[in-house]
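Colleague: Have a look at this one before I ask anything.
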Amino acid sequence: MFDLATRDIKYLSGVGPQRASVLNKELGIYSLHDLLYYFPYKYVDRSRIYYIQEIDGTMPYIQLKGEILSFETAGEGRQRRLIAHFSDGTGVVDLVWFQGIKYLVGKYKVHQEYIVFGKPTFFNGRINMAHPDIDSASDLKLSSMGLQPYYNTTEKMKRSSLNSHAIEKMMNTVVQQLREPLPETLSPAILAEHHLMPLTEALVNIHFPANPDLLRKAQYRLKFEELFYVQLNILRYAKD
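At position 189 of the sequence shown (counting the first as 1) the number is 189 in the UniProt record's numbering, and the numbers step up by one without a gap.
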């Protein structure tokens with residue numbers, strides 16, 4: 001097992017020196033250990049597929065499964081945008097992008113099945129979804145997706161393409177390398193007495209929980225550990 005505390009973040013796949021410098025300055029992340037302990041601030045359920053006919057104006061982020069019927073561009077200058085007409089057979093949603101138009105037209109194919117994820121809104125009587133995440137339906141396994149983590153980022157990070165999704169991908173790379181359990185930080189007696197999840201399992205589930213119960217157990221384990229050592233330090237200083 002490699003040492004998370006000494007493995008420099010710049011050597012993680014997809015990071016490099018430039019992004020590492022931004023992570024150092026903006027979040028104080030220097031090592032894989034620092035990254036692994038940068039926890040999400042919220043989670044979104046990616047296990048359910050909605051039908052377009054179910055969409056209303058109050059929905060948060062949702063998933064749809066269907067195909068792109070056609071592309072079109074609209075507007076001029078800064079208002080220029082790409083629109084993909086997406087359907088699941090129960091209705092049509094306009095997927096809208098304001099950047100990367102040429103790249104997107106080449107990347108996504110008409111009449112190929114995709115799963116899209118984003119926040120639906122209504123504009124001029126039509127359902128819109130701006131800058132959605134899109135994955136090939138054949139590549140995505142919904143049963144393994146569970147709750148998607150969201151991470152706080154700064155404007156400087158976003159300018160370096162370090163948004164929440166980028167942090168999630170980096171975190172997944174680290175988690176995939178945890179083939180052996182990390183050294184436990186609490187004694188077996190404490191783990192048993194308080195019914196605590198092992199450290200490695202807790203860290204995996206704080207970032208990629210398969211269900212709300214595993215997330216709750218991971219949060220409980222990590223909060224318990226934090227408070228345990230705070231109280232231990234208080235007692236140590238009190239004796240001194």
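The C-beta atom is built at its ideal place from N, Cα and C for all residues, glycine as well. This one's a predicted model, so the numbers in the text were calculated from it and none came from an experiment.
Measuring alpha carbon to alpha carbon, tell me which residue in MET129, ARG236, HIS195 and GLY57 is nearest TYR220.
Modeller: To locate residue 220, count along the sequence shown from 1; it is residue 220. It is HIS195 whose Cα lies nearest to the Cα of TYR220.
Colleague: Is ASN152 closer than 7 angstroms to TYR43 when the C-beta atoms are compared?
Modeller: In the sequence shown, the residue the question calls residue 43 occupies position 43. In the sequence shown, the residue the question calls residue 152 occupies position 152. Not in contact: TYR43 and ASN152 (Cβ atoms no closer than 7 angstroms).
Colleague: Tell me whether ASN163 sits in a helix, a strand or coil according to DSSP, three-state version.
Modeller: In the sequence shown, residue 163 corresponds to position 163, counting from 1. ASN163 falls in the coil class under three-state DSSP.
Colleague: Anyone know if the C-beta pair for VAL96 and PHE71 falls short of 7 angstroms?
Modeller: Counted from its first residue, the sequence shown places residue 96 at position 96. Counted from its first residue, the sequence shown places residue 71 at position 71. In this structure, PHE71 does not lie closer than 7 angstroms to VAL96 by Cβ.
Colleague: Would you mind working out which of THR90, PHE86, ASP88 and LEU82 sits nearest ASP100, comparing C-alpha positions?
Modeller: Counting from one through the sequence shown, the residue named residue 100 turns up at place 100. It is worth fixing the name first, because residue 100 is Gly in this sequence and not Asp. Closest by alpha carbon: LEU82.
Colleague: Could you pull the DSSP bridge partners for PHE43 from this structure?
Modeller: Residue 43 sits at position 43 when you count from the first residue of the sequence shown. The amino acid occupying residue 43 in the given sequence is Tyr; Phe does not appear at that position. In DSSP, TYR43 forms a bridge with PRO149.
Colleague: Whole angstroms is fine: what's the gap from SER143's alpha carbon to ARG46's?
Modeller: On the sequence shown, residue 143 is found 143 positions in, with the first residue counted as 1. On the sequence shown, residue 46 is found 46 positions in, with the first residue counted as 1. Confidence in SER143 is poor, its pLDDT being 45 and thus under 50, which makes the residue's placement unreliable; the coordinate value appears in the next sentence. Their backbone Cα atoms lie some 9 angstroms apart in a straight line.
Colleague: If you draw a straight line from the alpha carbon of GLN53 to that of PHE86, how long is it in whole angstroms?
Modeller: Indexing the sequence shown from 1 puts residue 53 at position 53. Indexing the sequence shown from 1 puts residue 86 at position 86. Taking the straight line joining both Cα atoms gives about 13 angstroms.
Colleague: I need the straight-line Cα distance from GLU225 to GLU184, nearest angstrom please.
Modeller: Along the sequence shown, one-based indexing puts residue 225 at 225. Along the sequence shown, one-based indexing puts residue 184 at 184. Going by the C-alpha atoms only, they are around 11 angstroms apart.
Colleague: Out of ASP94, ALA238 and SER13, which one is the CA nearest neighbour of PHE123?
Modeller: On the sequence shown, position 123 is the one that residue 123 refers to. Here the closest residue by C-alpha is ASP94.
Colleague: Looking only at its own chain, which residues have a Cβ that is under 7 angstroms from the Cβ of SER218, when we skip the five neighbours before and after it?
Modeller: Translated into positions along the sequence shown, residue 218 becomes position 218. The question names Ser, yet the displayed sequence has Ala at residue 218. Cβ neighbours of ALA218 beyond the five flanking positions: MET197, ALA202, ASN205, ILE206 and PRO209.
Colleague: Rounding to the nearest angstrom, what Cα-Cα distance links PRO156 and VAL22 in this structure?
Modeller: Counting from 1 along the sequence shown, the entry for residue 156 is found at position 156. Counting from 1 along the sequence shown, the entry for residue 22 is found at position 22. Strictly speaking, residue 156 in this sequence is Lys, with Pro absent from that position. Linking LYS156 to VAL22 through their CA atoms gives a straight-line distance of about 8 angstroms.
Colleague: Got a sec? Which residues, its chain only, sit under 6 angstroms from PRO120 by beta carbon, not counting five neighbours each side?
Modeller: Residue numbering aside, residue 120 sits at position 120 when the sequence shown is read from its first letter. Here the set comprises ILE55, MET59, ILE127 and MET129.
Colleague: Considering just the uninterrupted stretch of the alpha helix (DSSP H) at PRO209, what are its terminal residues?
Modeller: As a working note, residue 209 is residue 209 in the sequence shown. First-last for PRO209: undefined, no H or E at that position.
Colleague: What is the DSSP secondary structure of ALA74, counted as helix, strand or coil?
Modeller: In the sequence shown, counting from the first residue as 1, residue 74 sits at position 74. If DSSP states are grouped into helix, strand and coil, ALA74 belongs with the strands.
Colleague: Looking at the secondary structure, which residues open and close the beta strand (DSSP E) in which GLU26 lies?
Modeller: In the sequence shown, counting from the first residue as 1, residue 26 sits at position 26. For GLU26, there is no enclosing beta strand (DSSP E); the residue is part of the alpha helix (DSSP H) that begins and ends at 16-27.
Colleague: Could you tell me the distance, in whole angstroms, from the CA atom of GLY14 to the CA atom of THR173?
Modeller: Translated into positions along the sequence shown, residue 14 becomes position 14. Translated into positions along the sequence shown, residue 173 becomes position 173. Each residue's alpha carbon lies about 9 angstroms from the other.
Colleague: Identify whether ILE62 lies in helix, strand or coil by the three-state DSSP scheme.
Modeller: Within the sequence shown, residue 62 is the residue found at index 62, counting from 1. Here ILE62 sits in strand by DSSP.
Colleague: Taking the beta strand (DSSP E) that TYR11 belongs to, which residues open and close that run?
Modeller: On the sequence shown, position 11 is the one that residue 11 refers to. That residue, TYR11, is in no beta strand (DSSP E); it is neither H nor E in DSSP.
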